[in-house]
Structure formats: structure tokens, C-alpha cells
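These notes are about the structure you will find just below.
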Amino acid sequence: RKKNLRVLTVDPTVFAARTADRRKLWGDLELVQEQDSGFPELADWNVVAGDEPDPETRRALEMAWKVCKHGKSNAIVLAGNDATLGLGFGQMSRVDSTELAVFKAGNQGIDLAGCVAASDGFFPFPDGIEKLAAAGARAVIAPGGSIRDEEVAAAARDLGIIFILTGRRHFNH
Numbered sequence: 014r015k016k017n018l019r020v021l022t023v024d025p026t027v028f029a030a031r032t033a034d035r036r037k038l039w040g041d042l043e044l045v046q047e048q049d050s051g052f053p054e055l056a057d058w059n060v061v062a063g064d065e066p067d068p069e070t071r072r073a074l075e076m077a078w079k080v081c082k083h084g085k086s087n088a089i090v091l092a093g094n095d096a097t098l099g100l101g102f103g104q105m106s107r108v109d110s111t112e113l114a115v116f117k118a119g120n121q122g123i124d125l126a127g128c129v130a131a132s133d134g135f136f137p138f139p140d141g142i143e144k145l146a147a148a149g150a151r152a153v154i155a156p157g158g159s160i161r162d163e164e165v166a167a168a169a170r171d172l173g174i175i176f177i178l179t180g181r182r183h184f185n186h
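Convert by adding 13 to the 1-based position in the sequence shown; the result is the number in this note's numbering.
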């Protein structure tokens, strides 16, 4: 028995019942957003461009999506071969995050040909998908929800990449 050791017993349901993340901004102002505690079932993924992903691509997309969940706003994750290849978090736009992720991977000499990408928020325009395809992405997963989802999906079809919408955001501030 250690003199300065204190063991606390905590009811785990106290934490499980938490449904909102609260962050103090300034004064009495608080940012309150829904806690992101879920992961959409693979069966609920909606392939809106390209073919159904093969098991290897699906596994890479699932890993990228899980990593993306823990990034700051406008997160872009590039992944492949059971590894994270490039990260772009906390930028002003998803295009900026994409450029950062590609730049970071390039600085490490990582070949992105055939990688997959995950975005924590929807693509408001096709430019993000176009940059990901130009970098070598073969598949992209995002929550969807933009009024231009169909335009973005059409761009993915034109570029020959798989585009999957999950219907669930990971976007955090």
C-alpha cells in the first residue's frame, strides 16, 4: 500500500451519458457541439461514384475515416497499406487541408498513387476531390450533406475515383 496513492471508483455511465462537448470561448460564451461518439456501419456507406470498393480499399477507407474523426476542423487524411500517409488538419478549407496533407506526404518521400482519402466534412465544391485525384487518391470518403453533393459525385465519376458518403460528420471545432 502506497502512502500517496488514491484510487477512485467512477461510475462509467456518467461518461457514457455525455452527449455534448462544451468549450469555453470567452466571457460567458460557450461552443456546444454534439459529441462524436459513433462510427457509421460499413453497410450504411453510400457509394455515389465508382464501383463498390474491394476489401483492401474498404479497410483503408475505414482506417482513414477513424483517423479523420480525431482531427481538427477540415481534416483530410491520406492512407494506404494500413498506414496514415498524410494529414491536413485545422485549415481554413478542405482544399488547404488537402494541399497540406499532400505536401507533408511529399516531404517524407511518400508515393500517394493509389491512396485513399477521408474528409471530416462535406466537399462544398469539386475542387477538393479534383486535388485528391491529382495527388493519386483512388477513393474518397466523406459525410456528404452539401447542396452540391451530386456535382462533387459527378466530378468523382469523371475522374474515375470511388466516392463514398457516410451521412455522419466528424467535423470538430
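All C-beta atoms, glycine included, are put in the ideal place defined by N, C-alpha and C.
DSSP state of Gly-99 mapped onto helix, strand, coil: strand
His-186, buried or exposed, once every other Cβ within 10 Å from all chains shown has been counted against 16: With a pLDDT of 47 at His-186, under the threshold of 50, the modelled position of this residue cannot be trusted, and the question is left open.
Touching by the beta-carbon criterion (3+ pairs, under 8 Å), the stretch 117–131 and the stretch 92–102: yes
Neighbour-count burial assignment, Lys-144, 16 or more Cβ in a 10 Å radius: buried
8 Å Cβ cutoff met for Leu-74 and Ile-177: yes
Under the three-state DSSP convention, the category Ala-131 falls into: strand
First and last residue of the uninterrupted alpha helix (DSSP H) at Leu-178: Unbroken run through Leu-178 is the beta strand (DSSP E), 175–178; no alpha helix (DSSP H).
Beta-carbon proximity check, Asn-59 vs Gly-149, cutoff 8 Å: no
Buried versus exposed call for Ala-147 [16 or more other C-beta atoms within 10 Å across all chains shown]: exposed
As assigned by DSSP and simplified to three states, the class of Gly-61: With the sequence shown as reference, residue 61 is identified as Val, and Gly is not the correct amino acid for it. Looking at Val-61 - three-state DSSP - the assignment turns out to be strand.
Straight-line gap, Leu-42 to Ser-86 (C-alpha atoms, nearest Å): 20 Å
Beta-carbon proximity check, Val-115 vs Gly-141, cutoff 8 Å: no
DSSP state of Thr-22 mapped onto helix, strand, coil: coil
Ile-89 - DSSP class collapsed to helix/strand/coil: strand
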